[in-house]
């Protein structure tokens, strides 16, 4: 599973390590070394080759650990890689015990816990940071005259003799709120800007560097390439980035050199090295070249020249603004300065904090360079601040400071609705599970939600030319929508306040809100609901910290006349920008333009947006564009608050127009992802790999074990577990060329089937909708089928055609070579003789390239008694590539039952080629691997007792016990969801397994005489077992409501769950009622 999905729980939360990514810390043995954590043992997305790291050994590390880290880039457990704030100090692998945590950045919207084992979590609703500043340059005062001396720089030159006049500590400025300062540059990389009514993000800035040399002359060197000196004393340098030619020697005199490396980041006050030619040919601002002066000096300016911007989207409510624009554009800095507006998220509203006191002091941190927003006010407010006049620095402003320390304090709203103020370092960041909700979240109730046909599915819309197939067949219509008021996470219960009559429709599986949707009035009624009954949808949900596009506060009247006379859209609506990715700027413009045409007719738009009736300049008047260009930026902001009544507060982004406004959900057009250009087109999924050669397991080529340790081949010595006696295939992962198959002689090809069925889709799911599976006479369909008189075989070839819901039915049944048919038959012989209990396989005489598998969940796991259906297809490259697979998930949008089993059907397993593995024994081998091996791996390695640890990077914790909060909740959810699988499989029998389901789950006819072969006869009656197990666990919940955790652990409800939560009990009762209804009908039928 993909370790970078926002849905996973960070592994470091489980091990309770002291430090997190981006933590500010200092080395205890040398407090002057301050930096940020850049790699940890648990954050696997940070692991990788150390190609760009300058590594210095500042603290002792065992040699074996150090060598392994330098080879793999993965810090040993208990160690972190710290990147120090000053580039010349490099990075270092350091044990957590050797570091002191200084500060932890927690932006608003960040989910936190006091301790990773807590069930209660909270959301940061305000973040306030105070810092200490060190000037990059300063002047001394002559005590006798009171006059200021020359300018000195704080950074010392490496290996240079120190002038006593310069060996003076700079004055620190203490206790400065981050809201009083800003970034030292007007624009910098990563900034969002608005220019000519377009929102963009700055990707790169080309700068001209200005140096003051040792003789106080000032020059902008010709070449924009500089080195920085490396001064680490006697400490070992372990690696340099990039070019193996570095480090480079820089001569100080005839006898001494200083080592240097390229300076990637340049800022005022930094001491850098150039070369004679570049300095000589440079642009001399003050003084002239002298060959006696070394080509080195302090940076006094980094003047921006060209700015590269990725334009994301326009303000479609602006008058007369063109949308034809390149997505990426390089603009002269002089063009932007004074005309572009920066989204300054550190600015405070001009009219105060709107009574809420919300701050978001997370954009500047230790090591950053900053200036005071109001230097005049700062000079009066902070005694340590001594302003340096520009005329003392050749006209350059050196009033820049380095943040040397900080302390962050946050206000947290907890799930129980309490609000506390905490030091940031006392909290742990928490990447929540997909089921968790918090006060203020918008949720829908699963019960009563309908999927209705899309009336505009075949109606052409303006988006058709740019978004092929961008319309859904169905629209999701929730019956109830509400706002979460508080949450009892331990019991998986949320208190929800419901809207009275919401008119909400969701497109694209909930990712897009239909623009005609309306929440309406929020009612007074609240109810306690199981978290397993609630859904959140990206198209509906908004979060603190989201950067959003909103309908402006004021539009020109001409905009209103541009709307459609019959506004409706079943293709475009409010969503996240990442969901549309990849998409061009022009396509985003078309999307938003069409959305605007619908929104301008909404009642809320006319009620909340001011209309400007002033006449516009003529169309060809040069001032027409200026009308919009000079308009206030009131369509971009960041969500800073979400109240319990559903009210959303947005802080408008630009400093000259910073104020807070209240907006309805409908007014938010789009959420702009943090970097504006997401790497994936939709919600990121996860991949998980497994070690199928666990030391506790014997090789699958000789024996096979699954949980419980039972041998699956009956110790028969059957050699058909593997195909390594088949000489037709080499042990290679290279596929056959498709043309090779077509060129075989007809005598060597066999047509799997002459039958050609009309394809549906590539991934057709077995329906999990609310159809009842009841015949016209009111009887369950499965009860009308012929009863098996004996246990159905584990493997069978069926007559007729595969069912229409087989995921790969649309794949053509092409002619295949004899060798492939031979291999498929070999697979079937292995399955027929060696399938373990609980795995049943069917294929069809007309399509031998298709399989359907039913796996009954192993006992002692949350999957016990539940049916899991998998479709398999032997593609034209089989066996050189593994077969295709598809898992039928019946969770109906409630998430995965296992990290390896995706809702979209993907099965993540190394042997299937869906998860990378460095171990050749874990990947598909054409000569040795078999379908049986795949199925046994799924049963034994996927459907396990604690599935949470199948998460990528978490397998190392599986041996440490299953007491993790997230693991307990994940297991409980898997158990609850898979009880519903039983209901679905019996209500709407899975084609191909009707007799299997009847035999394994239902009671048989009562035996009237000894010769009645249709009677009970060893029927497993899994339905009764599932009901009894669930009831016993509910009774255990009721009986242990006041028991201690120790008592509950000793008398657990089951081998996989100590005690069910109340939310799970609520859902189980509903599932039990449905299952008992099926059982009662079966008993009536067979009595």
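In the UniProt record's numbering, the protein residues as written are 1 to 1087.
Glycine residues also receive a C-beta, built at the ideal position from the N, C-alpha and C atoms.
Taking the C-beta atoms as reference points, residue 111 is found no nearer than 9 Å to residue 345. Closest in C-alpha terms to residue 91, from the list 237, 227, 543, 176, comes 237.
For residue 1059, no alpha helix (DSSP H) run applies, since DSSP gives it neither H nor E.
Contact check between the region 839-855 and the region 970-982: fewer than three CB pairs, one atom from each, fall below 8 Å, which does not count as touching. In this structure, the beta-carbon distance from residue 18 to residue 96 falls below 9 Å. If you draw a straight line from the Cα of residue 300 to the Cα of residue 219, it is about 10 Å long. Between residue 210 and the set 540, 193, 296, the nearest pair of CA atoms involves 296. Between residue 635 and residue 317, the C-beta spacing is below 9 Å. The C-alpha of residue 1019 lies about 19 Å from the C-alpha of residue 841.
Rounded to whole angstroms, the gap between the alpha carbons of residue 779 and residue 432 is 44 Å.
DSSP places residue 585 inside the alpha helix (DSSP H), whose first and last residues are 585-599.
Relative to residue 224, the option among 499, 182, 281, 451 whose CA is nearest is 281. Distance from the CA atom of residue 1033 to the CA atom of residue 891, rounded to whole angstroms, is 22 Å.
By the beta-carbon neighbour count (other beta carbons within 10 angstroms, threshold 16), residue 888 is buried.
The region 433-447 and the region 527-534 touch, with no fewer than 3 CB-CB distances between them shorter than 8 Å.
DSSP links residue 36 through a beta bridge to 24, 83.
Per DSSP, residue 375 is one residue of the alpha helix (DSSP H) stretching across 375-381.
A direct Cα-to-Cα measurement between residue 130 and residue 124 gives close to 17 Å.
Residue 1061 and residue 490 do touch by the CB rule: their CB atoms are close to 7 Å apart, below 8 Å. In the structure shown, residue 371 falls within a strand segment according to DSSP collapsed to helix, strand and coil. In the DSSP annotation of this structure, residue 127 is not part of any alpha helix (DSSP H); the continuous beta strand (DSSP E) holding it starts and ends at 122-135.
Per DSSP, the continuous beta strand (DSSP E) segment holding residue 229 begins and ends at 227-229. In its chain, beyond the 5 residues on either side, 860 have a beta carbon closer than 6 Å to the beta carbon of residue 1055. From the listed residues 797, 173, 128, the smallest Cα separation to residue 137 is found for 173. Between the alpha carbons of residue 482 and residue 504 lies a distance of about 11 Å. Listed as beta-bridge partners of residue 548 by DSSP are 637, 671. Per DSSP, the unbroken alpha helix (DSSP H) holding residue 1023 starts and ends at 1022-1039. Residue ranges of uninterrupted alpha helix (DSSP H) with 4 or more members are absent from the region 394-459; none lies entirely inside it. Per DSSP, the continuous beta strand (DSSP E) segment holding residue 204 begins and ends at 198-213. Taking C-beta atoms under 8 Å as the contact rule, residue 307 and residue 187 qualify, at a distance of about 7 Å. A Cβ-Cβ contact shorter than 9 Å links residue 403 with residue 366. A Cβ-Cβ separation of about 17 Å leaves residue 519 out of contact with residue 475 under the 8 Å criterion. Of the residues 972, 869, 513, 984, the one whose Cα lies closest to the Cα of residue 935 is 869. Proximity to residue 51 across 69, 61, 36, 414 peaks at 69, based on C-alpha coordinates. For the pair of segments examined, the region 944-951 was found not to touch the region 913-931: the number of CB pairs separated by less than 8 Å stays below three. Scanning the region 792-844 from its first residue to its last, the whole alpha helix (DSSP H) runs of 4-plus residues come out as 818-834.
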